[in-house]
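For the sequence shown, the residue numbers in my numbering are 43 to 135.
The structure under discussion appears below in the form of structure tokens.
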Amino acid sequence: MKAIWHGKTIAESDRTLEVGGYRYFPRDTVRMDLLRPAPKTESDLACPHGVQFYDVATDAARSARAAWSYLAPRASMQQVDHWIGFWDDVRIE
């Protein structure tokens, strides 16, 4: 599986997991140099899984909050602890 943003592969792995309708990639398969931690909102702080959203960014483009990771997941999301999920402008194929 690949996560593609503006024609650039930002994650690639054969170990992805689908949980809750979203595809998650192991952190070590993600181009973390293209992700910037987004400031946390009140709803982020209320998330029981300790969510951190990321902006996907290069010099040429930016997509706000197009990736996230659970940093302190409860049992229901434990299998994707610190993995990266994508949405919005990021295409999964």
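Glycine included, every Cβ here is placed at the ideal spot set by N, Cα and C.
All values reported here derive from a predicted model rather than from experimental measurement.
Quick check on residue i: buried or exposed, where buried means 16 or more other Cβ atoms within 10 Å of its Cβ?
i      : result
Pro115 : buried
Arg57  : exposed
Ser85  : exposed
Ser111 : buried
Thr71  : buried
Arg65  : buried
Gly63  : exposed
Ala117 : exposed
Ala108 : buried
Ala103 : exposed
Ala106 : exposed
Report back the beta-carbon spacing between residue i and residue j to the nearest angstrom; my notes put them in contact at under 8 Å.
i      : j      : result
Val61  : Gln120 : Incorrect: roughly 10 Å between the Cβ atoms, too far for contact.
Arg78  : Ala99  : 5 Å
Glu135 : Lys50  : About 13 Å separates the two Cβ atoms, so there is no contact after all.
Let's see if you can read the secondary structure: which residues bound the beta strand (DSSP E) around residue i?
i      : result
Glu135 : Taken as a continuous stretch (DSSP letters only), Glu135 belongs to no beta strand (DSSP E), as it is neither H nor E.
Gly127 : Ile126 to Phe128
On the DSSP bridge assignment, give the partners of residue i in chain order.
i     : result
Asp46 : It should be pointed out that residue 46 corresponds to Ile in this sequence rather than to Asp. According to DSSP, Ile46 bridges with Thr51 and Arg133.
Legend entry - Any beta strand (DSSP E) of 3 or more consecutive residues that is wholly inside the stretch 57 to 118: The stretch 57 to 118 contains these whole beta strand (DSSP E) runs: 59 to 61, 64 to 67, 77 to 79, 93 to 99 and 104 to 112.
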